[in-house]
Structures are given as structure tokens and as C-alpha cells.
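Here the structure is laid out as C-alpha cells; the discussion comes afterwards.
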Amino acid sequence: MKTKSRPLPSLHSDEEAEEFVANADLSQYDLSGFKPMRFEIEAKAAALNMRLPASLLAALKAKAKAKGIPYTRYVRMLLETDVAQSR
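With this note's numbering, the residue at position 30 of the sequence shown is 148, and numbering never jumps.
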């Protein structure tokens, strides 16, 4: 018999969230609305300046806009993904 998942409680601070995650059995909650997140923690100490054909830049900006992120972040994600796959 399958039990119904409970909705997640409203958490109003980082401390409340940390305590909830540390003590709750998350298998009892409906996590279907969650999606993977990636947090940028590492400081960006180096800069890159490159020239691209206008059509390529426009295509990059359009794809980034469709994903709801800045185009510079989208380009960085493409570079990170390619480097990670080649390791």
C-alpha cells in the first residue's frame, strides 16, 4: 500500500532548513517539484575576452535566454561541460 507523500513545510531561515534536512526522513515528502541545482562557489579570478561571429553570439544569447540564464553563464557552462567530459 502506497502512502501519500507529505508536502514540505515552509522554512523561513537557513537554520530551519539545515535542521529540517538533518532530522527529517525526506522519503516521506513529495520532492517531485525539485530540480538539480548548481551553485557557483569558486571565485572567478581569470577573465576571457574573445571575438565571435555576430550570428554565433546571437545564437548563444538566444539559447541562454531560453534557459533563463545570462549568456556569459551559459558559455561558461558549455566550457565546463566540455572540459569535464574530456577528463
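Positions of the beta carbon are idealized from the N, C-alpha and C atoms, including for glycine.
Nothing here was measured: the structure is a model prediction, and the numbers come from that model.
query	result
Work out the CA separation of Y147 and S128 for me, nearest whole Å.	13 Å
Taking the DSSP output, what are the residues bridged to R194?	In DSSP, R194 forms no bridge with anything.
Should E134 go down as buried or exposed, given a rule of 16 or more other Cβ atoms within 10 Å for buried?	exposed
According to DSSP, which residues form a beta bridge with K205?	Just to set this straight, residue 205 is Arg in the shown sequence, not Lys. Paired residue(s): none; R205 is not in a bridge.
Alpha carbons only, please: which of I187, Q203, A202 is nearest the one belonging to M155?	I187
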